[in-house]
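What follows is a short report on a single structure.
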Amino acid sequence: MASESELNAGIEDGVRRRDFINIAAVSFAGVGAVAVVLPLVNQMNPSADVLALSTTEIDISAIQPGQAIKTSWRKQPVFVRNLVAKEIAEAKAVPLSDLRDPQTIDERTKPGKENWLITLGVCTHLGCVPLGAAEGENKGDFGGYFCPCHGSHYDTAARIRKGPAPTNLVVPPYEFTSDTVVMIG
Amino acid sequence: MSFPWAKPYEPQHPLMKWMDEKLPIPRLVYNATGPGYPVPRNLNYFWNFGVLAGAALMIQIITGIILAMHYAANVGVAFNSVEHIMRDVNAGWFIRYAHMNGASMFFIVVYLHIFRGLYYGSYKAPREMVWLLGVVIFLLMMATAFMGYVLPWGQMSFWGAQVITGFFSAIPIVGEPVRQWLLGGFVPDNATLNRFFSLHYLLPFVILGVIILHIWALHIPGSNNPTGIEVKDEQDTVPFHPYYTAKDGFGLGVFLLVFVALTFFSPNMLGHADNYIPANSLSTPAHIVPEWYFLPFYAILKAFTFNFLWIDAKLWGVIAMFASIALLFFLPWLDSSPVKSTTYRPLYRWFFWVLVADVLLLGVCGMMPAEQPWVILSQLGSIYYFAHFLVILPIVSRIERPLPMPNSITEAVLAKHAPDAASVPAAA
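Spelled out as structure tokens, the structure:
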């Protein structure tokens, strides 16, 4: 076995040859550990079958002006609302500077279809389903949706106006495949 | 560890001598909870709650293991498997009700245990590590209780999971991906239920491990006591066994009476009727509240209804809620008074009781809907909670003049139990 003086022989700067082996071994083990942890962490992300539920077709022909329906996309509730002219006018009358998450109603609907307001029914605060889609439910102070969990009020364009939610109700990606059918996702 | 006058373990029987050489578990028990562990002679009944919390954990582990034999963690059958336990499994209703109410009992005794630590200054030097480990146990308990509540897959289970994982979506940029990672989907679903079941089974054993560290750290300085004066010599202590095994045994009897009364006579008193409705991802219950033991923290979460500075209301609420617990980690250094027991702190005593009232007020606010006057009350309550720890406590502990203290535990005890007050100066 080499003595301490032999190991340190010929070294002026205090670095031993064996230090390289130690650093290399620990580094390699570290890379290996990270490589093992990656799949262990990644397995918790949404799996392929969950991601596959990504499009839903909705028939909107039965929704009368002023009415809304609740449906689901990716297992999340979706509100489809047929706005009346008064609700659109109300939404347009609000100056953007009054909004927490400034967006016009035109940015939240499709051109020529601005009476169709399609949003996720998931409060952007902590994810409850807001009220206001079904007949007779509390629509909040601004005539849109009201989340009873923590008191967020949304207006007729489903924009956040009052309460703890940070952003407007999310408009999912969608397109009209015909005048009466919408494909979400 | 322990005091020099602790009675040494001397096995007499040849079998015990043999055992002591191979695996000295009897020695460990003797020195931890037997005659070999001297404890202050003046502990009151508030010192029962640590043992009671341990008993509550064991009840949860035993009933939980049995429930897992009959429960199925799949969204298609979870709700029905719980009803199967309630209706079909022999004594299943009893085991499930014991587990449900056992969780509440666990939190009741732990809150009283924390109350004891706060009132008698058990978090101060030399017991800071005991306190820190205690806060870790408290956090683990909250995570475990939350995940357990999700398992029956009722309406409150589902929406509780949705709201609580929603906390993480408040984090800027990475929040939503983190939430989806926790859920394994976009909403709580089968992946969520399965992982929560796995973790709900795991975490109690992690808690058990941290409890061992908690007790280990406690047994180095030894127990605090109602005077907060450290043990000076042998006459200040009595052996743990038989004195405190007997006292804890009596407390355990009282605890079990309350526990069975709750389990048998009003098993659903502390629960929510909505959780007997199967989970529905398209309809939130009209009035969503967490279990009672989370209410004060929930009130702090709900107190933020407006954006402040450049941070939005949602993130403020989540930060404040986590901070209200994280603050406890700093308590040993926020309170700089060397006097432990509130009994000798005339000024702090007032603020202590105001804090207790404040936490109770927050509890009520947490239960109430997000309307006035509850919003403003939870805002005031939250401000006071933070002010207590960050402003009042550091100031009071500097300016306060404590009451005169006895020289030792023995002197305090003898003064209290003297046949007549006149004989005390003579004895001293």
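As they're listed, the protein sequences go chains A and B.
Residue numbering for the first sequence follows our numbering, beginning at 1112 and increasing consecutively.
Residue numbering for the second sequence follows our numbering, beginning at 2 and increasing consecutively.
All residues carry an ideal CB built from backbone N, CA and C; glycine is no exception.
- Contact between V179/B and F169/B holds, with the beta-carbon distance rounding to 5 Å and staying under 8 Å.
- Interface criterion met: the Cβ of G1274/A is under 9 Å from a Cβ in chain B.
- A direct Cα-Cα distance of roughly 42 Å separates W375/B from D1170/A.
- Minimum Cα-Cα distance from A262/B among the listed residues G103/B, P12/B, A33/B, G185/B corresponds to G103/B.
- Taking 9 Å as the CB threshold, G65/B stays off the interface with chain A.
- Against E372/B, the close residues of chain A are G1262, in the order they occur along the chain (beta-carbon pairs closer than 9 Å).
- By the Cβ neighbour-count rule, F260/B is buried, with 16 or more other Cβ atoms within 10 Å of its own.
- Legend: CB atoms of the stretch 264 to 295 of chain B lying less than 8 Å from CB atoms of chain A belong to residues S282, L283, S284, T285, A287, H288, I289.
- Closer than 7 Å at the C-beta level to chain B, one finds these residues of the stretch 1145 to 1164 of chain A: M1155, N1156, P1157, S1158, V1161.
- Assignment of beta strand (DSSP E) within the stretch 19 to 102 of chain B, counting only whole runs of 3 or more residues, yields 39 to 41 in chain order.
- With contacts defined by Cβ atoms closer than 9 Å, V1240/A and C1258/A form a contacting pair.
- By the C-beta criterion, the stretch 40 to 51 of chain B is judged not to be in contact with the stretch 89 to 106 of chain B, since fewer than 3 inter-stretch pairs fall below 8 Å.
- In this structure, the beta-carbon distance from A327/B to L302/B does not fall below 9 Å.
- The residue among P173/B, K18/B, L194/B, H201/B with its C-alpha nearest the C-alpha of L141/B is H201/B.
- Three or more beta-carbon pairs drawn from the stretch 1181 to 1194 of chain A and the stretch 1226 to 1235 of chain A are found closer than 8 Å, and the two stretches are therefore classed as touching.
- Taking 7 Å as the Cβ-Cβ cut-off, the stretch 1221 to 1251 of chain A approaches chain B at H1236, L1237, G1238, C1239, V1240, given in chain order.
- T238/B: member of the beta strand (DSSP E) spanning 238 to 240, first to last residue.
- For P347/B, the secondary structure class from DSSP, reduced to helix, strand or coil, is helix.
- Fully contained in the stretch 189 to 241 of chain B are the following beta strand (DSSP E) runs of length 3 or more, in chain order: 238 to 240.
- In chain A, no part has a C-beta under 9 Å from the C-beta of Q380/B; the shortest such distance is about 12 Å.
- In this structure Y121/B is in contact with N225/B, their Cβ atoms being roughly 6 Å apart against a cut-off of 8 Å.
- Cβ-Cβ distances below 7 Å link P370/B to H288 in the same chain, with the five nearest sequence neighbours on each side left out; the list follows chain order.
- The alpha helix (DSSP H) runs lying completely inside the stretch 1153 to 1198 of chain A and spanning 4 residues or more are 1159 to 1163, given in chain order.
- A distance of 9 Å or more separates the beta carbons of H1264/A and K315/B.
- Rounded to whole angstroms, the gap between the alpha carbons of N1153/A and R1127/A is 40 Å.
- By the Cβ-count criterion, V78/B is exposed, with fewer than 16 other Cβ atoms from all chains shown falling within 10 Å of its own Cβ.
- Listed by position along chain A, the residues whose Cβ is nearer than 8 Å to that of V207/B form an empty set, because the closest Cβ is around 17 Å away.
- The beta-carbon distance between A304/B and Q236/B, rounded to whole angstroms, is 51 Å. This is too long to meet the 8 Å contact definition.
- Measuring C-alpha to C-alpha distances from A1268/A to each of A1204/A, G1238/A, G1223/A identifies A1204/A as the nearest.
- Between I1271/A and the set E1286/A, D1252/A, F1287/A, S1289/A, the nearest pair of CA atoms involves D1252/A.
- Per DSSP, R1272/A is one residue of the beta strand (DSSP E) stretching across 1271 to 1273.
- For a Cβ distance threshold of 9 Å, residue set G186, F187, V188 of chain B lies close to R1185/A, ordered along the chain.
- Only buried fits Y299/B, as 16 or more other CB atoms lie within 10 angstroms of its CB.
- P291/B and P127/B have their C-alpha atoms some 36 Å from each other.
- Taking 9 Å as the Cβ-Cβ cut-off, the stretch 155 to 179 of chain B approaches chain A at W160, Q163, V164, I165, T166, G167, F168, S170, A171, P178, given in chain order.
- V261/B sits in a helix when the DSSP states are folded into three classes.
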